[in-house]
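Protein chains: 2
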Amino acid sequence: MSVLVVGSIALDDVKTPLAEQKALLGGSASYAAFAASFFGPVNLVGIVGRDFPQAHVDLLKSRGIDLAGLQIAEGKTFRWSGEYLWDLNTRETRSVALNVFETFRPELPEAYRSAPIILLANIAPDLQHRVLDQARQPRFVIADTMDLWINIAKERLLELLARVHMLILNDGEARQLTGETSLIRAGRKLRELGPRYVAVKKGEHGCLLFGDKGQFFSCPAYPLEDIHDPTGAGDTFAGGLAGFLAGRGGTEITFDDLRHAVVHGSALASFNVEAFSLDRLKSVTPEDLASRVAEFRRFVATD
Amino acid sequence: MSVLVVGSIALDDVKTPLAEQKALLGGSASYAAFAASFFGPVNLVGIVGRDFPQAHVDLLKSRGIDLAGLQIAEGKTFRWSGEYLWDLNTRETRSVALNVFETFRPELPEAYRSAPIILLANIAPDLQHRVLDQARQPRFVIADTMDLWINIAKERLLELLARVHMLILNDGEARQLTGETSLIRAGRKLRELGPRYVAVKKGEHGCLLFGDKGQFFSCPAYPLEDIHDPTGAGDTFAGGLAGFLAGRGGTEITFDDLRHAVVHGSALASFNVEAFSLDRLKSVTPEDLASRVAEFRRFVATD
Chain Z
38 MSVLVVGSIA LDDVKTPLAE QKALLGGSAS YAAFAASFFG PVNLVGIVGR DFPQAHVDLL
98 KSRGIDLAGL QIAEGKTFRW SGEYLWDLNT RETRSVALNV FETFRPELPE AYRSAPIILL
158 ANIAPDLQHR VLDQARQPRF VIADTMDLWI NIAKERLLEL LARVHMLILN DGEARQLTGE
218 TSLIRAGRKL RELGPRYVAV KKGEHGCLLF GDKGQFFSCP AYPLEDIHDP TGAGDTFAGG
278 LAGFLAGRGG TEITFDDLRH AVVHGSALAS FNVEAFSLDR LKSVTPEDLA SRVAEFRRFV
338 ATD
Chain G
38 MSVLVVGSIA LDDVKTPLAE QKALLGGSAS YAAFAASFFG PVNLVGIVGR DFPQAHVDLL
98 KSRGIDLAGL QIAEGKTFRW SGEYLWDLNT RETRSVALNV FETFRPELPE AYRSAPIILL
158 ANIAPDLQHR VLDQARQPRF VIADTMDLWI NIAKERLLEL LARVHMLILN DGEARQLTGE
218 TSLIRAGRKL RELGPRYVAV KKGEHGCLLF GDKGQFFSCP AYPLEDIHDP TGAGDTFAGG
278 LAGFLAGRGG TEITFDDLRH AVVHGSALAS FNVEAFSLDR LKSVTPEDLA SRVAEFRRFV
338 ATD
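These protein sequences, in sequence, are chains Z and G. Quick note, the first sequence lines up with residues 38 to 340 if you use the numbering used here. Quick note, the second sequence lines up with residues 38 to 340 if you use the numbering used here.
This is the structure we're talking about:
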């Protein structure tokens, strides 16, 4: 089963306390599609400018990612520049240039419209709606979001929640969107807004997964001594989760499937932060992933 | 197998955003001993003043806690007064009156000196040393501590680490004591200072347990919608953990035992924060505990 990923594709300038790199492949769709490609076919919808390096296109193609939905527009690719402070938990955006992304209107190639699993990676809720308008009865729709959309497009975001099966967001966003301090209350309240499942990401503290009838899963993070670049960790998590679900095949998605998907998404995210951009994920083999998942399970086993 | 608990016994005035209560039974040893009593015999060493209510003595006795080591001194019982801010994560100490605690010199009754498991609950490192000086080859010594001792008695604390098998402390304290931002690095570094095992408590995010040869366990917290009073959660965790280990009987303590102990300590701490003082723990039955542990395990299962 294939997964459709729609989101941003960017060239990132990233500065950490230890290093600085420019024009890295970034954006929510790049990370998410790459992570999803570990589990099966991926269809990508996004936009880049004429300056987008062929090497990045080749990298995505090398993973079997279908780029029929990639628009190459006149102008420059979306640029983001940010800096992480000493503990890598605080990020400051230095500049954003939307460039061709400003006029992005996602168009699903005919072959994508019946995608069973759709990941609406982090982009404006209006664009996420537009994707769903073109899709034919997807089996499972996952939406990611960010604080910006809660601030400037809350109504459209709330409308979107009624159309998706699962919402992924971080702890601060969950609190912001619900007005609840307790993440447990926030997660449950978000489910009442539409999505059957809600995943609340907590960075180094892992992730909380909420389902119906009190279903709940708390997943710690994989223990890392050093983080080199946190950019894209959440997108990698979401992409790995969506890809894992697609890779499971045609049966109905259960809470157990989602627990496994969260573990695999977390494992991929733990690789991702070990280097800039997709540099670490590029060299991860299926055996590396299986080995980290097995280690991960030992680290959280209570029996 | 019995567990020896040494620590503070206090009368607490606690204010939360919702309520305020005065002269509650508190102190590290009260919470820890009560939690340990779920698993077997407990010997308590502590000090109170003449004003200490008989009802509190009776409560501890009702749990089978041996009070031969409880000193009743002329003067007033240790008083602590604190307030929790709106999200209950921030605590402000309003006042502390050490009273009889200022002259506390722990004395182990002869029958306590061969205790196989010793929990040095949060008190000054000097007093923790004094307890170990009186003990005869304990099988497993656990020490809890707090930021105050890192600030004013760091040398004595470091000397203590070489004498204990396990250290329990919270995330901020682990960072403070090691100068490491990463809790994973901090936990491993603390092991190099002496203790074979280190548990780093993260409040609502659970606990990290470090052992030798890369042994590691990440335990999320039990999901609670509401927290009524966080006072004593860490002491309850430590006491439950120590009690569980004593209850396991005479075989050598393994990392697996500690994983189970962490789960039981966490479950008891999750009850504790549901009401002021020991009000919730008082009514918890062995069946309630078993049921919460089982639920807890389901919530974190990855298979």
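By construction, the Cβ of each residue, glycine as well, lies at the ideal position given by its N, Cα and C atoms.
So, using beta-carbon positions, are residue i and residue j closer together than 8 Å?
{"i": "residue 86 of chain G", "j": "residue 114 of chain G", "result": "yes"}
{"i": "residue 72 of chain Z", "j": "residue 40 of chain Z", "result": "no"}
{"i": "residue 242 of chain Z", "j": "residue 277 of chain Z", "result": "no"}
{"i": "residue 237 of chain Z", "j": "residue 157 of chain Z", "result": "no"}
{"i": "residue 304 of chain G", "j": "residue 330 of chain G", "result": "yes"}
{"i": "residue 225 of chain Z", "j": "residue 218 of chain Z", "result": "no"}
{"i": "residue 269 of chain G", "j": "residue 63 of chain G", "result": "yes"}
{"i": "residue 221 of chain G", "j": "residue 260 of chain Z", "result": "yes"}
{"i": "residue 116 of chain G", "j": "residue 143 of chain G", "result": "no"}
{"i": "residue 333 of chain G", "j": "residue 254 of chain Z", "result": "no"}
{"i": "residue 310 of chain G", "j": "residue 267 of chain G", "result": "yes"}
{"i": "residue 209 of chain Z", "j": "residue 184 of chain Z", "result": "yes"}
{"i": "residue 80 of chain Z", "j": "residue 106 of chain Z", "result": "yes"}
{"i": "residue 246 of chain G", "j": "residue 295 of chain G", "result": "yes"}
{"i": "residue 46 of chain Z", "j": "residue 83 of chain Z", "result": "yes"}
{"i": "residue 312 of chain G", "j": "residue 265 of chain G", "result": "yes"}
{"i": "residue 178 of chain Z", "j": "residue 201 of chain Z", "result": "yes"}
{"i": "residue 215 of chain G", "j": "residue 227 of chain G", "result": "yes"}
{"i": "residue 159 of chain G", "j": "residue 65 of chain G", "result": "yes"}
{"i": "residue 78 of chain Z", "j": "residue 123 of chain Z", "result": "no"}
On the DSSP letters alone, give me the boundaries of the alpha helix (DSSP H) that residue i sits inside.
{"i": "residue 126 of chain Z", "result": "From DSSP, residue 126 of chain Z is part of no alpha helix (DSSP H); its letter is neither H nor E."}
{"i": "residue 275 of chain G", "result": "270-284"}
{"i": "residue 321 of chain G", "result": "Unbroken run through residue 321 of chain G: none, as it is neither H nor E."}
{"i": "residue 300 of chain Z", "result": "292-309"}
{"i": "residue 71 of chain G", "result": "65-73"}
{"i": "residue 188 of chain G", "result": "184-189"}
{"i": "residue 163 of chain G", "result": "162-171"}
{"i": "residue 222 of chain G", "result": "220-229"}
{"i": "residue 212 of chain Z", "result": "208-215"}
Within its chain, find whatever has a CB closer than 7 Å to the CB of residue i; leave out the 5 residues flanking it on each side and keep chain order.
{"i": "residue 292 of chain G", "result": "248, 252"}
{"i": "residue 176 of chain Z", "result": "153, 154"}
{"i": "residue 76 of chain G", "result": "280, 281, 283, 284"}
{"i": "residue 171 of chain Z", "result": "145, 150"}
{"i": "residue 286 of chain G", "result": "38"}
{"i": "residue 169 of chain Z", "result": "178, 200"}
{"i": "residue 131 of chain Z", "result": "118, 119, 120"}
{"i": "residue 290 of chain G", "result": "177, 282"}
{"i": "residue 88 of chain G", "result": "113, 114"}
Quick check on the DSSP output: the beta strand (DSSP E) that includes residue i runs from which residue to which?
{"i": "residue 181 of chain Z", "result": "177-181"}
{"i": "residue 95 of chain Z", "result": "Element bounds for residue 95 of chain Z: not the beta strand (DSSP E) but the alpha helix (DSSP H), 91-99."}
{"i": "residue 43 of chain Z", "result": "40-43"}
{"i": "residue 108 of chain G", "result": "102-110"}
{"i": "residue 47 of chain G", "result": "47-52"}
{"i": "residue 116 of chain G", "result": "115-121"}
{"i": "residue 238 of chain Z", "result": "234-238"}
{"i": "residue 84 of chain Z", "result": "79-86"}
{"i": "residue 155 of chain G", "result": "154-157"}
{"i": "residue 247 of chain Z", "result": "244-247"}
{"i": "residue 254 of chain G", "result": "253-256"}
Using C-beta distances below 6 Å, list every residue in its chain close to residue i, excluding the 5 sequence neighbours before and after it, in chain order.
{"i": "residue 52 of chain Z", "result": "120"}
{"i": "residue 50 of chain Z", "result": "59, 118"}
{"i": "residue 273 of chain G", "result": "68, 72, 305, 306, 309"}
{"i": "residue 129 of chain G", "result": "120"}
{"i": "residue 207 of chain G", "result": "238"}
My guess is that residue i and residue j are in contact by the Cβ rule of under 8 Å, so how many angstroms apart are they, rounded?
{"i": "residue 194 of chain G", "j": "residue 187 of chain G", "result": "6 Å"}
{"i": "residue 141 of chain G", "j": "residue 104 of chain G", "result": "Their Cβ separation, rounded to whole angstroms, is 15 Å, which puts residue 141 of chain G and residue 104 of chain G out of contact at 8 Å."}
{"i": "residue 96 of chain Z", "j": "residue 318 of chain Z", "result": "Going by Cβ atoms, the distance from residue 96 of chain Z to residue 318 of chain Z rounds to 10 Å, so no, they are not a contact pair."}
{"i": "residue 173 of chain G", "j": "residue 203 of chain G", "result": "With 8 Å as the limit, residue 173 of chain G and residue 203 of chain G do not qualify as a contact, their Cβ atoms being about 19 Å apart."}
Does the Cβ of residue i lie closer than 7 Å to at least one heavy atom of the ligand GDP?
{"i": "residue 84 of chain Z", "result": "Of ligands this structure carries none, so the ligand GDP is not represented either."}
Spatial neighbours of residue i within its chain, please: C-beta separation below 8 Å, excluding the five flanking residues on both sides.
{"i": "residue 257 of chain Z", "result": "242, 243, 336, 337"}
{"i": "residue 190 of chain Z", "result": "161, 162, 163"}
_Residues, ordered as in the chain, of the segment 236-263 of chain Z that lie near chain G by beta-carbon distance below 8 Å_ = 239, 241, 242, 243, 245, 253, 254, 255, 256, 257, 258, 260, 261, 262, 263
*Using a Cβ-Cβ cut-off of less than 9 Å, list which residues of the segment 113-127 of chain G approach chain Z; keep chain order.*
123, 124, 125, 126
*For the segment 211-239 of chain G, enumerate the residues whose C-beta is nearer than 8 Å to any C-beta of chain Z, in chain order.*
218, 219, 220, 221, 222, 225, 239
*Given a limit of 8 Å on CB to CB distance, which residues of the segment 271-303 of chain G reach chain Z?*
296, 297, 300
*asked:* Please list, in chain order, the residues of the segment 320-337 of chain Z that have any C-beta partner in chain G closer than 8 Å.
replied: 333, 334, 336, 337
*Determine which residues of the segment 40-63 of chain Z have a Cβ less than 8 Å from any Cβ of chain G, and write them out in chain order.*
none
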